[in-house]
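In the working numbering, the protein residues as written are 104 to 799.
Note that beta-carbon positions come from the ideal geometry of N, C-alpha and C, so glycine has one too.
Here's the structure we're looking at; comments come further down.
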C-alpha cells in the first residue's frame, strides 16, 4: 500500500502518461531503499507490456533476498589497545545473542559513520591528538548475505597539554570560567574533557541570558615535543530575553498549575538552567506523562525568543469499586477515588470507603500544593475504622479508631522540604480471653484506660472475659524530604530521601515515638538500563509507663513493599497461640533492582526489572513476650543480621486507569522452616504476588 502511494506520487499510476525514465528512476529508488535496509541481494525487474488503446501494463517483480549481516569488523593499525576493547564501543557488531532485539548486526552507512567517530573519540580521549582515520573498506560476499568492514587507522602519539588559555569577550569573570575547566596543563590530551569544559562555560554564560554563547577550543600542536597548547575562544553573542511562555497539549490542566512550576520568567533573560529546571518540575507532576520545550526567535528582534512547553498529559484520576462476600466478613462493599489534578487545579483528593458487617474503614484527604505563593503545601486527612473481627494482618482483636489532623510542607530549597503537622487519635481496643492473641491481651491490660467485661453465652452456657482499653493521643509530626528524581512515576535518575519523626504530645494516654528514614536512588546505565536502590528503616519505642507502641502502629514485612517472595505482612513476630503476624517496632527494608529498557511507547507506563530484596521485622525493647506453637518455648525477635530475609526474582509494573498494577515472582533464599516439635514458627512464602495501588 505504501509502495503504491509512492508510485502515484512520482507519476507512475493508472491513467497517467507513461514515461520510461520515471520507471527507471523508480527501480533505482527501490534498489537504494533495500540497500539501505541491508538487503543487498534484492532483485528488481520491471516489465512493460503494450495493450490495445495506446495503453501499457507495468509489472514490477521484487525478490528481496536475505538481509545481509556483518560477519567481521577489522581495525588495521591498532597496536596500543586490543581490538576487542575498541569494538565494544561501536554500535555495529557481529551477530550476537542480543542482535535479534538490538539489530546491531545490520549494516548501514549512517551507523558506520557514527562508529568511525567513536573510534576517533576512543583514541583522542586517551591522548592521541594526531590520530588519523586513513581509509574504510566495506566488502560484500558474493552471495550478498555477509558484510566485511575494514578500518585502517594511524594511532599517532600520546600528547600532553602544555598551555590552556581563554580569549574573546568575557561577560562572566574570567576567573570564574577558569574554575570550570576540568583539564589542566601537564595532563594527557583528552577530547572528552575538553568538550565538557566547553559545555560548562557555555552553560555558565547561558545562565546569565547568553543562551547562544559559543566557546570554540582551538588546539595548536607541537609535534616535536608531543604537546598541545589549547585556546578557548569565547563569543557570548547578544543577551536574549523571553517574550512569552506558552503551553501546548495541556487540555485538562489549568494554565496556572503549569506556570507556577516555571523557573524561567517572562521578561527575564533566557537561562538554559532555568528552562531545564522548569521542565523537570513539570515532568515530576504525577499527571504529566512527558514534557519538552522549544525556543523560537521573534521575527525582527534578535534579542527576543518565545518559549513553548509541549505537554503530554497522563492519567490524573483513578476510580475503583467492588462487592464481595466471605465467611469471615460477610458482605463487603468497597470503593476508592483519587484525583491528583482535581478539576485541573493541581490539588489532590482521595476518598476510600470500605464497609461490611464486621469491618468499616472510611478515609478522606485533601492536599493543596500551593496554599500561598511560597509553595506552602497543606494536607488534611480524616480516617475512621471500626473492625470487630480483625484477622488480616494482625492478631484477633476489635478496634475502633478515629484519626484526623493537618500536615504542612514548606520548601527550604528547590528540591528540599520540611514537614510539620499533628494528628489526633481516639481509639478503643477490645480483646477476648479465649480467641485473642496473648500479646494483644497484654497490651490492652497494661496501657491506656484498661477495663474488663464479662459476657455470658446462652448457647454454650459459658462465661467469656473481654479485656479492653480506651485512649486518646496527639501525635506531633516533623519531617524532611529531598527529592531530585526526574519524574514521580518510573523515574530513571535522581534520588529521594525522607526523614520523619513523630512523638505523642504531653497529656496523651499512651506515649511513644516513631522514626522513619527512606533512601531511593536511581543510577542510569548503558542503553537505558538503570539501577534502583531503596533502603528504609522504621523504628518505634514506648515512652514513660507505656509498655509498647500500640498494635495498630506496629510495622509489618513481606510482600511487594518489603521482601518479595514472602507472604505480604507475614514476616516478623508471630502472636500466641495463633501464629498470626503481630508486627514489630523495627523494620528494615532493602530493595535493589536492575531496570530493563522498554520500547519508547511503554517507557512511561510500564517497567520490568530483576530484583534482590533484603529485610525483616523485629521486636525490640518492649515488655511483650512471644512463644512458639507449643506455647511454652520463648521466641526471640530481636534484631540480628542473620535474621534478615533475602529473595530474588523479576517484577513488572503497569500504570492502568484503575491504578498501578504490580506483579512479581520471587524466590526466597533463606526461608525458615517451622520446627517439627512446635518450638518455633516458620516463614510463609509466596512466589507470585500481585497488588494494585494508587499511582499518585
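Residue from 719, 546, 421, 298 with nearest C-alpha to residue 743: Nearest to residue 743 by C-alpha distance, out of 719, 546, 421, 298, is 719.
Per-residue DSSP class, three states only, for residue 166: Annotated three-state conformation of residue 166 is strand, per DSSP.
For residue 785, the three-state DSSP class (helix, strand or coil): It is coil, neither helix nor strand.
Residue 676 beta carbon less than 8 Å from that of residue 687: Against a cut-off of 8 Å, the Cβ pair of residue 676 and residue 687 comes out as a contact.
Burial state of residue 124, where buried means 16 or more other Cβ atoms lie within 10 Å: Its Cβ having fewer than 16 others within 10 Å, residue 124 is exposed.
For residue 650, the nearest candidate out of 726, 784, 700, 300 (CA to CA): The shortest C-alpha separation from residue 650 is found at 726.
Straight-line gap, residue 157 to residue 241 (C-alpha atoms, nearest Å): So the alpha carbons of these two residues sit roughly 47 Å apart.
Nearest candidate by alpha-carbon position, reference residue 589, set 577, 609, 624: Checked all of 577, 609, 624; the closest Cα to residue 589 is 624.
Local Cβ density within 10 Å of residue 262, reported as buried at 16 or more and exposed below that: The residue is buried, with at least 16 neighbouring Cβ atoms inside 10 Å.
8 Å Cβ cutoff met for residue 730 and residue 679: Their beta carbons are under 8 Å apart, which means residue 730 touches residue 679 by this criterion.
Inter-residue spacing [alpha-carbon to alpha-carbon] between residue 575 and residue 656: Rounded to the nearest whole angstrom, the C-alpha separation of residue 575 and residue 656 is 14 Å.
Cβ shell of residue 308 (< 7 Å), same chain only, five flanking positions each side left out: Excluding positions up to five away in sequence, the list reads 274, 275, 316, 339.
Exposure of residue 387, with buried meaning 16 or more beta-carbon neighbours within 10 Å: With 16 or more other CB atoms across the displayed protein chains lying within 10 angstroms of its CB, residue 387 is buried.
Contact between the stretch 288-301 and the stretch 348-357 (3+ Cβ pairs under 8 Å): Verdict: no, contact absent.
8 Å Cβ cutoff met for residue 419 and residue 355: Between residue 419 and residue 355, the gap from beta carbon to beta carbon is short of 8 Å.
Nearest-angstrom Cα separation, counted from residue 523 out to residue 669: Going from the Cα of residue 669 to the Cα of residue 523 covers about 35 Å.
Through-space distance from residue 467 to residue 619, alpha-carbon basis: The alpha-carbon separation between residue 619 and residue 467 amounts to approximately 24 Å.
Short Cβ contact (8 Å threshold) for residue 182 with residue 265: No, these two residues do not count as a Cβ contact at 8 Å.
Strand pairing of residue 409, partner residues [DSSP]: Answer by DSSP bridge pairing, in chain order: 347, 399.
Reduced DSSP secondary structure (H/G/I, E/B, other) of residue 360: DSSP places residue 360 in helix when its eight states are reduced to three.
Those runs of the beta strand (DSSP E) which lie wholly inside the stretch 685-723 and span at least 3 residues: Every unbroken stretch of the beta strand (DSSP E) spanning 3 or more residues and falling wholly within the stretch 685-723 is given here in chain order: 689-698, 709-721.
Spatial distance of residue 306 from residue 138 (CA atoms): Rounded to the nearest whole angstrom, the C-alpha separation of residue 306 and residue 138 is 42 Å.
Proximity of residue 608 and residue 580 at Cβ, strictly below 8 Å: Note that the C-beta distance between residue 608 and residue 580 is not below 8 Å.
Residues bridged to residue 355 (per DSSP): For residue 355, which the question treats as bridged, DSSP gives no partner whatsoever.
Candidates 769, 685, 793, 551: closest to residue 666 by CA position: Closest option to residue 666, Cα to Cα, is 769.
Within 8 Å, strictly: CB atoms of residue 335 and residue 301: It is a contact, given that the beta carbons lie within the stated cut-off.
With 16 other Cβ atoms within 10 Å as the buried cut-off, status of residue 498: At residue 498, the pLDDT of 45 sits below 50, so the modelled position is not reliable and the matter cannot be decided from this model.
Alpha-carbon to alpha-carbon, residue 616 and residue 343: Each residue's Cα considered, the two are about 54 Å apart.
Start-to-end residues for the alpha helix (DSSP H) that takes in residue 303: In the DSSP assignment, residue 303 falls within the alpha helix (DSSP H) that extends over 294-310.
C-beta contact flag for residue 732 and residue 682 at 8 Å: Yes; because the gap between Cβ atoms is below 8 Å, this pair is in contact.
Cβ neighbour criterion (16 or more within 10 Å) applied to residue 791: Exposed.
Coarse secondary structure for residue 218, derived from DSSP in three states: Of the three classes helix, strand and coil, the one that applies to residue 218 here is helix, per DSSP.
Backbone CA spacing between residue 774 and residue 476 [nearest angstrom]: The straight-line gap from Cα to Cα measures roughly 53 Å.
Secondary structure of residue 111, DSSP reduced to three states: It is helical.
Whole-Å CB distance - residue 801 paired with residue 169, under 8 Å assumed: The chain is shown from 104 up to 799; residue 801 falls before or after that span and cannot be answered.
Inside the stretch 176-220 only - alpha helix (DSSP H) runs reaching at least 4 residues: Whole alpha helix (DSSP H) segments, 4+ residues: 186-190, 202-205.
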